[in-house]
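So for the sequence shown, the working numbering puts the first residue at 13; every next one is plus one. Let me begin by presenting the structure, written as structure tokens, before commenting on it.
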Amino acid sequence: MSVMGLGDFALHKIPLGGGCLAIAPAPGANGDFATDISQIAEWGARLVITMTTVDELQALGTANMRTDLVQMGIDWLHLPVPDFSTPDTLDWSTLRENVLGRLENAEHVLVHCRGGCGRSGMLALRLMIAGGEAPNNALKRLRSIRPCAVETADQMRWAMQDAG
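So, in structure tokens, the structure goes:
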């Protein structure tokens, strides 16, 4: 298991394509936002994908996450998905090429939702499969790192769309 963290915030790391993909709870969700984003920067994240909704970000007091990350030299992408749901609309091919390209260039990419399980696990699993990993192996490896990854049947279906 590859976990890096302080307190209740942890990066659950998944080597992929020469780089590293990680899933995590929302920075600041269980502690100090500034400490959490500093940990993300120290890990070397080049892209953070936020899957929480605007309402969730506001409730967490982290509505300025984009500004804080960009000031640290980290790109930010907001893909809001309600908790326990799947994306309604998403340019999957563009996202896939962006993230897998970064991973092939040995970059570190973080995907987070509120708890670091369902939504972030769903996207991580789909990226692992798109990166060439067999679906069952990808799910087993992901859940060995983050047992709660992918929480609903709909999330599993969304993650497995490109399988086979």
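Virtual Cβ for every residue (Gly too), placed ideally from N, Cα, C.
- Pairing L59 with W88 gives a Cβ-Cβ distance under 9 angstroms.
- In the structure shown, G130 falls within a helical segment according to DSSP collapsed to helix, strand and coil.
- Collapsing the DSSP output to three states places A146 in coil.
- Three or more beta-carbon pairs separated by less than 8 angstroms are not found between the segment 41 to 49 and the segment 151 to 171, which leaves the two stretches without contact.
- For F96, no beta strand (DSSP E) encloses it, and the DSSP letter there is neither H nor E.
- Straight-line spacing of the CA atoms in G30 and V66 works out to 32 angstroms.
- Put simply, the backbone Cα of S97 is about 16 angstroms away from that of A38.
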